[in-house]
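S.K.: Residue numbers (the numbering used here), protein chains in the order written: chain W, 14 to 441; chain Z, 14 to 441.
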């Protein structure tokens, strides 16, 4: 992820990586002008090629896993790296899902006619070239290439060096599929893993070739990409999500939603990290929820009032700004919805925040005022997921306000242009 | 426009400009949560205050103009700088137009329900804080502040030092109007013109306060902003627009459209700079158009074939990449639509390009394939304008593909969020 200065001795590398950019641009033009049916055929052919080359991919992955074990990497890391026949079927299924989902290119977003008879259409078009920088999960290569192609884009993929063989085998299969469907192979390209400087070049945009960078991985990867990139980035640095129990909350819903929001999977970005409870209802709501969470193995860290209502560790100032991604929950008692929303505005990450309430005015105020990508009433924050939105795949969740916000699906990988249909109009 | 390093001796400036950012953020939160009616009232009060303070504004402007004359600035510059009672009425009218145009905030862009009953709405929300950097035209201050407010945003305005008194007087009036309507004055703030380093700070985003920068001015301003900004920029560097006459073009339309596209106003970004003509129709189309252009005072520079068909200067390679913004037109004969589109892809700036044709297949191919913000069939490129689109004002035209593309009106100064309306859903 470092971006060392490129010296004269690196000229061969510079030329090779710059060539990736030019090839991607040329491929992007062709795939943009292809028909939706051709893009669908390309996706189906990619899926078929991944199936046909399953053995090669799995054996490349075995080598990556063996090397990771030799190097003493942690089991959690190896679990992310390892492919099984079943996981590979999941990869193929995701590509088929992209093939089955609607092609966004050419969709007319608006269509109006001016008094002078000039008809104006706003039409979805592909973004161009998407740079994807990911870590150990090799399946990201196929997922990302497929979603980019669905939206008419070319992709330049850069995986972690520990999964280099797996990624190379997956992308090779994808490229064979593209060729079989009559699309340019360079719609999906992989950056040779040995070129560390290549990431720096990608973040500079490869001489204008890359339109947007999507980092897929942990906080340190995302942070470096956000700091160094000279092209737009679709990402979220963290998901410091809140669930707020309003005084009007239904206790049964509050219990079920809080347990799910925290404990369904603790390592996802939509997991709740802080629970806020209205003071007037805390005595009723907190103890059963706290007990149930503890029973499921969740450690609790409370503000002074929460500690008085249920035995738990005392939270420090740091807890309110910590994305645990672990079975730990911080709990704060608040003096009503204004204080809850102020807490979220101050400590939140603009990712996903939920209210549990029966009072429609409280729900409306929360949903309108909280300025996060996803705001939820009476459901689990773990619904922050492109699949759960019905997007047919996502490449990540963005918390920036520019262009893509929330789950980034195929639609969010497009831009638009205006078509003006005249009959000889000139401007007075 | 330079961004000198800020040393310890500038700490007072740093503190003052950083304060502008914090104040804008606080004002943005309030104006975002205001009702559409409150924003409309704010705009009408701004217009009324500009009218009430007309004398102060005009007298401040007289001082700016007097100083500009003393400093020997060019008449064209002074013309951009000078306000008259009539021009000021135009400024007031633009603010009233913003008040009368629909409030984009809260518009539901999509609304669907998932199989689990979870209802998902995609809703327009303000971007936050817009930084506007402009040159001599003081009316930009009112235009921009009004458009930003219409979309629920706060603005930080930085005009050229030569129009400092005018800009300060205009923004002071706007702020009085905001206060009269019960909105925070800091919805519109002006950066003291004496702080050159302030522009550099704005381009760094004022510690996260500025969400997007809009430069309004000449090429050198836009280029510096694009190069130095660490926040997104809505802009176009140049409008190198083409009009392409297809073999099937109606000669009467071709003549009228070309004359208008080049000569209606030569200094606007939507003015055509290069005319492309199909070889098979050039003998018929070119001579009358060339004659009419020359009669209107337009200098012609042709490729070898154009020169043979009509007496004109020979174009050099530089001509195809030059945005003249002057009564000069370069003319190239092409071998059909593919060559025309290749010329546009290579030399164009992605701003606005038009085809004149009667053949529907040629029109479709051109509109689909040319990857510019605005593509036009059978009308003048000078329709590239937010007002002509019916946007009720624009803050500029963007050629970037991210977020805003084409004319930037109030809608393009918004983002969106997702509202999830549940009834207790938890994620399996």
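Here a beta-carbon is modelled for each residue, glycine too, at the ideal position from N, C-alpha and C.
Let me know if residue 309 of chain Z comes out buried or exposed under the rule of 16 or more other beta-carbons within 10 Å of its beta-carbon.
M.R.: Translated into positions along the second chain, residue 309 of chain Z becomes position 296. Its Cβ having fewer than 16 others within 10 Å, residue 309 of chain Z is exposed.
S.K.: Three-state secondary structure (DSSP) at residue 317 of chain W?
M.R.: The residue labelled residue 317 of chain W in the question sits at position 304 within the first chain. If DSSP states are grouped into helix, strand and coil, residue 317 of chain W belongs with the helices.
S.K.: Tell me whether residue 321 of chain Z is buried or exposed, calling it buried when 16 or more other Cβ atoms sit within 10 Å of its Cβ.
M.R.: Here the question's residue 321 of chain Z lines up with position 308 in the second chain. That one is exposed.
S.K.: Can you tell me whether residue 444 of chain W is helix, strand or coil according to DSSP?
M.R.: Coverage of chain W is limited to positions 14 through 441, which leaves residue 444 of chain W absent and any answer about it impossible.
S.K.: Taking the straight line between their C-alpha atoms, what separation do you get for residue 334 of chain W and residue 361 of chain W?
M.R.: Working through the first chain from its first residue, we reach residue 334 of chain W at position 321. Working through the first chain from its first residue, we reach residue 361 of chain W at position 348. Looking at the two C-alpha atoms, the distance is approximately 7 Å.
S.K.: Which residue or residues does DSSP assign as beta-bridge partners of residue 343 of chain Z?
M.R.: Looking up residue 343 of chain Z in the second chain gives position 330. Residue 343 of chain Z is bridged to Z/287 and Z/314.
S.K.: Along the region 271-300 of chain W, where does the CB come closer than 7 Å to a CB of chain Z? Name the residues.
M.R.: Across the region 271-300 of chain W, CB contacts with chain Z closer than 7 Å involve 273 and 277, in sequence order along the chain.
S.K.: Fully enclosed by the region 168-237 of chain Z, which alpha helix (DSSP H) runs are 4 residues long or longer?
M.R.: 177-193 and 209-216
S.K.: When the cut-off is 7 Å and only beta carbons count, does residue 438 of chain Z lie next to chain W?
M.R.: By 1-based counting over the second chain, the position of residue 438 of chain Z is 425. Output row for residue 438 of chain Z: interface = yes.
S.K.: Identify the contact partners of residue 356 of chain Z in chain W, using a Cβ-Cβ distance below 7 Å as the criterion.
M.R.: Along the second chain, one-based indexing puts residue 356 of chain Z at 343. Result: empty, since nearest Cβ-Cβ is about 15 Å, beyond 7 Å.
S.K.: If you drop the 5 nearest sequence neighbours on each side, which residues of the same chain put their C-beta closer than 8 Å to that of residue 421 of chain W?
M.R.: Translated into positions along the first chain, residue 421 of chain W becomes position 408. 227, 247, 399, 407, 408, 409, 410 and 411, listed in sequence order.
S.K.: Could you check the C-alpha separation between residue 336 of chain W and residue 86 of chain Z for me, to the nearest Å?
M.R.: If you number the first chain from 1, residue 336 of chain W lands on position 323. If you number the second chain from 1, residue 86 of chain Z lands on position 73. Near 57 Å, if we compare the C-alpha coordinates of residue 86 of chain Z and residue 336 of chain W.
S.K.: Could you tell me how far apart the beta carbons of residue 170 of chain Z and residue 157 of chain Z are, in whole angstroms, since I believe they sit closer than 8 Å?
M.R.: Position 157 of the second chain, counted from the first residue, corresponds to residue 170 of chain Z. Position 144 of the second chain, counted from the first residue, corresponds to residue 157 of chain Z. That belief holds up - the Cβ atoms of residue 170 of chain Z and residue 157 of chain Z are roughly 6 Å apart, short of 8 Å.
S.K.: Sort out for me which residues DSSP pairs residue 124 of chain Z with in a bridge.
M.R.: For this step, residue 124 of chain Z is matched to residue 111 along the second chain. DSSP lists Z/134 as partners of residue 124 of chain Z.
S.K.: Mind listing which residues of the region 236-267 of chain Z have their C-beta closer than 7 Å to chain W's C-betas, in chain order?
M.R.: 245 and 266
S.K.: Quick one: residues in its chain with C-beta nearer than 6 Å to the C-beta of residue 287 of chain Z, no 5 flanking neighbours on either side, listed in chain order?
M.R.: As a working note, residue 287 of chain Z is residue 274 in the second chain. So the list reads 255 and 343, once near-sequence residues are dropped.
S.K.: Going by DSSP in three states, residue 86 of chain Z sits in which element: helix, strand or coil?
M.R.: Residue mapping note: residue 86 of chain Z aligns to position 73 of the second chain, counting from 1. DSSP places residue 86 of chain Z in coil when its eight states are reduced to three.
S.K.: Give a yes or no on whether the minimum CB-CB distance between residue 388 of chain W and chain Z is below 7 Å.
M.R.: Along the first chain, one-based indexing puts residue 388 of chain W at 375. Residue-level contact by beta carbon holds for residue 388 of chain W and chain Z, with a gap shorter than 7 Å.
S.K.: Enumerated in chain order, which unbroken segments of the alpha helix (DSSP H) with a length of 4 residues or greater are wholly contained in the region 34-80 of chain Z?
M.R.: 49-65
S.K.: So what does DSSP say about residue 255 of chain Z, is it helix, strand or coil?
M.R.: By one-based count along the second chain, residue 255 of chain Z stands at place 242. Correct three-state label for residue 255 of chain Z: strand.
S.K.: Taking the CB atoms as reference points, tell me whether residue 223 of chain W and residue 244 of chain W lie closer together than 7 Å.
M.R.: One-based indexing of the first chain puts residue 223 of chain W at position 210. One-based indexing of the first chain puts residue 244 of chain W at position 231. Remark: C-beta atoms of residue 223 of chain W and residue 244 of chain W approach each other more closely than 7 Å.
S.K.: Report yes or no: is there a C-beta of chain W within less than 7 Å of the C-beta of residue 427 of chain Z?
M.R.: To locate residue 427 of chain Z, count along the second chain from 1; it is residue 414. So, not an interface residue.
S.K.: What residue range is occupied by the uninterrupted beta strand (DSSP E) comprising residue 365 of chain W?
M.R.: In the first chain, residue 365 of chain W corresponds to position 352, counting from 1. Segment 365-369, the beta strand (DSSP E) holding residue 365 of chain W.
S.K.: DSSP has residue 430 of chain Z in a bridge; who is on the other side?
M.R.: The residue given as residue 430 of chain Z occupies position 417 in the second chain. According to DSSP, which records beta bridges pairwise, residue 430 of chain Z is partnered with Z/136.
S.K.: If you reduce the DSSP assignment to three classes, tell me which class residue 419 of chain Z lands in.
M.R.: Numbered from 1 along the second chain, position 406 holds the residue referred to as residue 419 of chain Z. Strand, per DSSP.
S.K.: Mind listing the chain Z neighbours of residue 125 of chain W? Cutoff is C-beta to C-beta under 8 Å, in chain order.
M.R.: By 1-based counting over the first chain, the position of residue 125 of chain W is 112. Those within 8 Å of residue 125 of chain W in chain Z are 403.
S.K.: So with CB distances below 9 Å, who are the chain Z contacts of residue 419 of chain W?
M.R.: Locating residue 419 of chain W in the first chain gives position 406, counting from the first residue. Those are 135, 429, 430 and 431, listed as they occur along chain Z.
S.K.: For residue 359 of chain Z, count neighbouring C-beta atoms within 10 Å of its own C-beta (all shown protein chains included) and say buried if the count is 16 or more, exposed if not.
M.R.: In the second chain, counting from the first residue as 1, residue 359 of chain Z sits at position 346. Exposed: under 16 other Cβ atoms inside 10 Å.
S.K.: Return the CA-CA distance between residue 265 of chain W and residue 377 of chain W, expressed in angstroms with no decimal places.
M.R.: In the first chain, the residue the question calls residue 265 of chain W occupies position 252. In the first chain, the residue the question calls residue 377 of chain W occupies position 364. So the alpha carbons of these two residues sit roughly 21 Å apart.
S.K.: With a threshold of 7 Å between beta carbons, is residue 168 of chain Z in contact with chain W?
M.R.: For the purposes of this step, residue 168 of chain Z is taken as the residue at position 155 of the second chain. False, the Cβ-Cβ gap to chain W never drops below 7 Å.
S.K.: What's the gap between the Cα of residue 417 of chain Z and the Cα of residue 425 of chain Z?
M.R.: By 1-based counting over the second chain, the position of residue 417 of chain Z is 404. By 1-based counting over the second chain, the position of residue 425 of chain Z is 412. Their Cα atoms are separated by approximately 5 Å.
S.K.: Just the chain Z side, please: which residues come within less than 8 Å of residue 416 of chain W by C-beta, in chain order?
M.R.: Taking the first chain and counting its residues from 1, one reaches residue 416 of chain W at position 403. What residue 416 of chain W touches in chain Z: 415 and 416.
S.K.: Under 7 Å, Cβ to Cβ, is there at least one residue of chain W near residue 224 of chain Z?
M.R.: Locating residue 224 of chain Z in the second chain gives position 211, counting from the first residue. Chain W, which has a Cβ nearer than 7 Å to the Cβ of residue 224 of chain Z, makes this yes.
S.K.: Assign residue 349 of chain W to buried or exposed, taking buried as 16 or more other Cβ atoms, counted over all protein chains shown, within 10 Å of its Cβ.
M.R.: Reading the first chain from its first residue, position 336 is the one you call residue 349 of chain W. With fewer than 16 Cβ atoms within 10 Å of its Cβ, residue 349 of chain W is classed as exposed.
S.K.: Going along chain W in order, which residues have a C-beta closer than 9 Å to the C-beta of residue 395 of chain Z?
M.R.: As a working note, residue 395 of chain Z is residue 382 in the second chain. Those are 439 and 440, listed as they occur along chain W.
S.K.: Within 7 Å (strictly less), CB to CB, does residue 391 of chain W reach chain Z?
M.R.: Position 378 of the first chain, counted from the first residue, corresponds to residue 391 of chain W. So, interface residue.
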